[in-house]
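Peer 1: Attaching a single structure in structure tokens format; questions to follow.
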Amino acid sequence: MIRHCRTSAKLHTTPPMQWVQKQTRLRVVDNSKLGREAMTEGKQVKCIHVYKKNAKIQDGQLGDKVLVTIKGQMKRAYVVGLVAEQRPMIPKFDTNNVVLIENNGNPSGTR
Numbered sequence: 001m002i003r004h005c006r007t008s009a010k011l012h013t014t015p016p017m018q019w020v021q022k023q024t025r026l027r028v029v030d031n032s033k034l035g036r037e038a039m040t041e042g043k044q045v046k047c048i049h050v051y052k053k054n055a056k057i058q059d060g061q062l063g064d065k066v067l068v069t070i071k072g073q074m075k076r077a078y079v080v081g082l083v084a085e086q087r088p089m090i091p092k093f094d095t096n097n098v099v100l101i102e103n104n105g106n107p108s109g110t111r
């Protein structure tokens with residue numbers, strides 16, 4: 001007779017989420033000065049708000065605008081890559097990627 005071990009109950013695995021929500025860790029992939037400094041110093045970028053109209057649940061998909069904190073500053077960004085299951089004609093990423101934008105909507109970086 002096999003008994004279940006209680007230590008295995010402490011292990012949890014979750015599938016990748018297909019959206020960005022509050023407190024999601026992100027990676028800046030543009031070449032803006034603030035993004036490069038944060039990545040070299042190992043500072044985490046976190047989502048604190050998702051800009052969506054008429055949504056009960058604030059979850060961000062590809063192309064949605066989010067508000068992030070980066071090195072103690074609040075910046076707006078667009079979601080350009082998500083850790084998700086492979087779907088046809090959509091590339092799969094290993095990280096949740098964002099591109100920082102300025103207040104007028106122009107990208108902060110040049111790439």
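Here this note's numbering is used: the first residue of the sequence shown is 1, the next is one more, and so on. Glycine included, every Cβ here is placed at the ideal spot set by N, Cα and C.
#1: State yes or no: is the C-beta of valine 79 within less than 7 Å of the C-beta of glycine 109?
#2: Run the CB neighbour count on aspartate 94, radius 10 Å, all protein chains shown included, and call it buried at 16 or more, exposed below.
#3: To the nearest angstrom, how far is the alpha carbon of arginine 111 from that of valine 28?
#4: In the DSSP assignment, what residue or residues form a beta bridge with alanine 77?
#5: Apart from the five residues just before and just after histidine 12, which ones in its own chain have a Cβ nearer than 6 Å to its Cβ?
#6: Do the CB positions of lysine 46 and arginine 25 come within less than 7 Å of each other?
Peer 2: Considering the structure as presented:
#1: For valine 79 and glycine 109, no; Cβs fall outside 7 Å.
#2: Aspartate 94 counts as exposed, since fewer than 16 other beta carbons sit within 10 angstroms of its beta carbon.
#3: Taking the straight line joining both Cα atoms gives about 12 Å.
#4: In the DSSP output, where bridge partners are listed per residue, alanine 77 has Val66, Leu100.
#5: Residue placement at histidine 12 cannot be trusted, given a pLDDT of 48 that sits under 50; what the coordinates show is reported in the next sentence. Close CB contacts of histidine 12 within its chain, under the 6 Å cut and outside five residues either way in sequence, are absent.
#6: Taking C-beta atoms as the reference points, lysine 46 and arginine 25 count as a pair closer than 7 Å.
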